[in-house]
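Novice: Before we start, here is the structure in question, set down as structure tokens.
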Amino acid sequence: MSDISIVKANGRHETFDPEKLRLSLLNAGTSEEVTEEVLAHIVPQIKEGMTTGEIYRHAFEYLKNINK
Numbered sequence: 004m005s006d007i008s009i010v011k012a013n014g015r016h017e018t019f020d021p022e023k024l025r026l027s028l029l030n031a032g033t034s035e036e037v038t039e040e041v042l043a044h045i046v047p048q049i050k051e052g053m054t055t056g057e058i059y060r061h062a063f064e065y066l067k068n069i070n071k
């Protein structure tokens with residue numbers, strides 16, 4: 004994945020780091036296996052200029068759907 008700039012909640016632009024999303028999912032109590040599945044689904048969908056809120060919403064929505 005090339006460097007993709009995302010927008011943080013404070014308005015700053017930052018290069019997307021999948022490790023931050025991974026740690027957030029693990030801190031939410033997901034297993035390593037489920038975390039990797041979510042990342043495999045979400046990371047390819049990250050687009051330039053997305054907000055961290057959008058990224059986390061997509062990730063946790065996917066997580067909710069696979070846990071049904």
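As numbered in my numbering, residues 4 to 71 make up the sequence shown, in order.
In this text, a Cβ means the ideal position worked out from N, Cα and C, and glycines have one as well.
By a C-beta neighbour count over all protein chains shown, 10 Å radius and 16 as the cutoff for buried, is I9 buried or exposed?
Specialist: Per the 10 Å Cβ criterion, buried.
Novice: How close, in whole Å, do the beta carbons of L24 and I58 come, if the pair is a contact with beta carbons under 8 Å?
Specialist: Confirmed, Cβ separation roughly 7 Å.
Novice: Look at the Cβ atom of G52, then the Cβ atom of A12, and state whether they are nearer than 8 Å.
Specialist: In this structure, A12 does not lie closer than 8 Å to G52 by Cβ.
Novice: With a CB to CB cut of under 7 Å and the five nearest residues on each side skipped, what residues in its chain are close to D6?
Specialist: Correct list, in chain order: T18.
Novice: Leaving out five residues on either side along the sequence, give the residues of the same chain with a beta carbon under 7 Å from the beta carbon of P47.
Specialist: Closer than 7 Å at the Cβ level, and outside the excluded window around P47, lies no residue.
Novice: So V10 is in the alpha helix (DSSP H); what residue range does that whole segment cover?
Specialist: It is not in any alpha helix (DSSP H) - V10 instead sits in the beta strand (DSSP E) that spans S8 to V10.
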